[in-house]
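Only one structure is covered here, and it is reproduced in the block below.
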Amino acid sequence: MPVVLVLLLAGTWLLSGSLVTGTDPLIVAVGRTAVCCAVLTAVAATRPGGRADLRRAAARPGTVWLLGLLGFAGYAAGTLLAIERIGTSLANLIVALMPCASVAVGAMFFGERSGARRSAGAVLACAAAAGYAALGADVGDIDRVGLLLVSAATVAFAVYGFLYRERLPGLPPLAVLPVLLAAATCLLLPMSLPALISHPPSPAAIGGIVLLGAAVYAPAYLVQHRLILVRGPVFTAAVQLAVPFTVRLGDWALHTAPAPSATELLLLAVCCAGIALVTVRPNGRLRTAQ
């Protein structure tokens, strides 16, 4: 499951980065969220007990709107607007700090005790991922607003992970996600309306958004939220650090980029070591709880 998540999230970065170069980021955000919501709702409604679970999730409006804002609307808007201002590499660098943010948020607000080993692993993996992202970052593209947007999005999603596990543990992700995504769509739509009216997306962009939401984000969200429930926010965030390296190796395999340098391979090894400290017990068994 962690490997599947990494591959799917690598696809989200590649497709999102491509789409926002020619389409307003907020249009991409609301479009992929709405499409993902529609797909997951249709799947949930056809499963035994699915409609009842959807109603149970919708019966908690306060939690739904809060999580929809933190984990979807705020995160999507913040990261996509940041990509437009500071580029994909630098935005990914900040998002790479998610495990550290999760450790800090868990300790300060949710009574989580990650321990020295897991905290050190999170810092080590984050440092390697940030160093890797910095290799491709263009310093000339840096601006404070872009950094603030992606930083706020990263912290918001760290908080979201703990709140989701704490408030909705008894409902399957397939029942919760459509409701949260519907709330997020409602929050994003007013923000995206000016761009939709003045610069509507092209047919090609619409097709890309549909593909992104239905074929990439829908399964990615299901796997991600299952991992949050089963192994916790810090574990899930640490696994996601492999995404930028996966994108880089994929580019090399597809002959769209040269072979990784010695520095890149070293950072990959360090990042993997940090992820292992977070996700693997000393006796070699994967953690099954936060």
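Per the working numbering, the sequence shown runs over residues 922 to 1211.
Ideal placement from N, C-alpha and C gives every residue a C-beta, glycine not left out.
Because the structure is a prediction, the values reported are computed rather than measured.
Among the options, nearest to residue i - alpha-carbon criterion
| i | options | result |
| --- | --- | --- |
| T1200 | V964, A1043, R1086 | A1043 |
| P1181 | L1170, A1190, V1191 | L1170 |
| L1102 | L975, G1128, S937 | L975 |
| L1162 | E1033, G1036, P1115, V1016 | V1016 |
| V964 | L1188, L1143, T1167 | L1143 |
| P969 | V1155, V924, A1096 | A1096 |
| F1078 | M922, G1032, I1149 | I1149 |
| T962 | F1166, V1100, P1090, T1157 | V1100 |
| T1157 | G989, L1189, W1173, R1039 | R1039 |
| R1065 | I1004, R981, L1092 | I1004 |
Cβ-heavy atom distance, residue i to the ligand SAM, below 7 Å
| i | result |
| --- | --- |
| T944 | For the structure depicted, the ligand SAM is absent and the ligand set is empty, with no information on it obtainable. |
For residue i, the first and last residue of its enclosing alpha helix (DSSP H)
| i | result |
| --- | --- |
| Y1138 | First-last for Y1138: undefined, no H or E at that position. |
| T1075 | 1065-1088 |
| S1023 | 1019-1030 |
| S939 | 923-940 |
| L1092 | Looking at the DSSP string, L1092 is not in any alpha helix (DSSP H), and its letter there is neither H nor E. |
| H1156 | The sequence shown places Phe at residue 1156, not His. Here the alpha helix (DSSP H) through F1156 covers 1154-1160. |
| T944 | Neither: T944 is in no alpha helix (DSSP H) and is coded neither H nor E. |
| P1124 | 1124-1132 |
| P982 | 982-988 |
| L1001 | 995-1007 |
| R1034 | Careful: R1034 lies outside any alpha helix (DSSP H) and carries neither H nor E. |
| R976 | 971-979 |
Residue i vs residue j beta-carbon contact at 8 Å
| i | j | result |
| --- | --- | --- |
| A994 | V985 | no |
| A1141 | P1020 | no |
| I1007 | L930 | no |
| L1109 | A950 | yes |
| V1137 | L991 | no |
| P1094 | R1152 | no |
| G938 | T1009 | yes |
| A1105 | T933 | no |
| I1130 | P1122 | yes |
| M1112 | A998 | yes |
| A1135 | C957 | yes |
| L1045 | L926 | no |
| Y1085 | L988 | yes |
| A943 | A1126 | According to the sequence displayed, residue 943 carries Gly and not Ala. Yes. |
| A1051 | L1018 | yes |
| G1195 | A1055 | no |
| A1139 | V960 | yes |
| D945 | H1176 | no |
Test: residue i CB closer than 8 Å to a CB of chain D
| i | result |
| --- | --- |
| L1162 | In the structure shown, chain D cannot be found, because there is only a single protein chain. |
Rounded distance between the beta-carbons of residue j and residue i, thought under 8 Å
| i | j | result |
| --- | --- | --- |
| V1024 | V1155 | 6 Å |
| L1002 | L1070 | 5 Å |
| L1189 | F1166 | 5 Å |
| E1185 | Y1053 | 6 Å |
| T1075 | A1041 | About 20 Å; that fails the 8 Å criterion. |
| F1083 | G1027 | 6 Å |
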